[in-house]
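Each remark here refers to the structure printed beneath this line.
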Amino acid sequence: NIKEIYNLQRSNDWILKGDRCVFAGGYASSSNQNIIDFISAAAGGTAADFGDLTAARGTMQDNYGTLTRGIIAGGANLNTIDFVTIATTGNAADFGDLTQSLERLCSLSSPTRQIWAAGSTPGDNVQNTIQSVQTATMGNATDFGDLGTAKYGPMGVSNGIRGLVCGGNAGAPGHADFNHIEFITFATTGNAADFGDLTGSYLASGSASGTTRGLVGHDGGATGLDMITISTTGNATDFADISVARSGYAGVSNGH
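Letter by letter, the sequence shown follows residues 4 to 259 in the working numbering.
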């Protein structure tokens, strides 16, 4: 039940729970945006207006939440966290703050916990930090652990028990892309561990998860999709090709 979303706004954020997909922020017309749209994943069709973020945000990467609540954090060097109630429409409200201002960070979620990993601070300073909040309450993020490598722009997939941080970029100097995959266990805190490797080196491309499998798209105008079995460890394998080569797109799934 993976659906392709043709993302027209660079680094637009998405959240999907149940059958509703919510898109928030992004960068268009030379400025960051505060717009929130939504669609039905099963029905498809044109997006409708949901409301507005508390502030215009871009370069957020993907964010997630629970079946009830969607959480949007960081972007454009912000440390603020917003939330929306997915079953309704309306403007986002303040949830709390990240431990620092970040953009291009990776997001993972379980039924009770929201996690952000990696990212960059102003000046392209890449981070290896992992931080978390309890999604049912409101409050500031707290330290969870560290990644093995500092990076920005990794993609996240999860099955609610285990979260995977895939790929990313080393930042300056060189801006080399990574192929490695690290994982965390939501129920505990601690540093990420090695999982395996992607079939190539990617950043800031679409990713989506089911209960057993994660898909990660290739970037740089490529068409490939990698497949990862989340409950095991090991390297990703080739899955399929998307219909059009693209960069900076988002992925959603109603198979979680």
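C-beta: ideal position from N, C-alpha, C; glycine also.
Among the options, nearest to residue i - alpha-carbon criterion
i: ARG165; options: ASN128, HIS183, PRO125, THR214; result: THR214
i: ASN37; options: GLY77, THR71, ALA44; result: GLY77
i: TYR155; options: ASN162, ARG107, SER161; result: ARG107
i: LEU201; options: ALA45, THR102, ASP229, ARG60; result: ASP229
i: SER208; options: THR235, ARG249, ALA45, ALA139; result: ARG249
i: LEU81; options: PRO125, ALA50, GLY220; result: PRO125
Collapsed DSSP secondary structure at residue i in the structure displayed
i: ALA31; result: strand
i: PHE242; result: strand
i: ALA120; result: strand
i: HIS183; result: strand
i: GLY174; result: coil
i: SER212; result: strand
i: ALA90; result: coil
i: THR140; result: coil
i: PHE198; result: strand
i: ILE133; result: strand
i: ASN257; result: coil
i: ASN162; result: coil
Span separating the alpha-carbon of residue i from that of residue j
i: VAL255; j: PHE86; result: 18 Å
i: ILE42; j: ILE231; result: 27 Å
i: ILE89; j: ARG23; result: 7 Å
i: THR71; j: GLY48; result: 23 Å
i: GLY93; j: LEU206; result: 32 Å
i: GLY142; j: ILE74; result: 12 Å
i: ASP100; j: GLY122; result: 15 Å
i: LEU105; j: GLN134; result: 12 Å
i: GLY28; j: MET158; result: 18 Å
i: HIS183; j: ILE39; result: 32 Å
i: GLN12; j: ALA31; result: Low confidence applies to GLN12: its pLDDT is 34, below 50, so where it sits in the model is not reliable, and the reading given next is rough at best. So the alpha carbons of these two residues sit roughly 6 Å apart.
i: LEU218; j: GLY199; result: 14 Å
i: ILE245; j: ASP197; result: 28 Å
i: CYS109; j: ASN35; result: 19 Å
i: LEU111; j: ALA59; result: 22 Å
i: LEU167; j: ALA243; result: 20 Å
i: VAL136; j: VAL247; result: 36 Å
i: SER210; j: GLY163; result: 15 Å
i: GLY177; j: GLY251; result: 20 Å
Presumed contact (8 Å Cβ cut-off) between residue i and residue j, rounded CB distance
i: GLY148; j: GLY193; result: 5 Å
i: ASN131; j: ALA95; result: The pair is not a contact, with the Cβ atoms about 28 Å apart (cut-off 8 Å).
i: ALA195; j: ILE187; result: 5 Å
**OP:** Could you say if the segment 112–121 and the segment 42–59 meet the contact criterion of at least three C-beta pairs nearer than 8 Å?
**Re:** Judged by pairs of C-beta atoms under 8 Å, the segment 112–121 does not touch the segment 42–59, as fewer than three such pairs exist.
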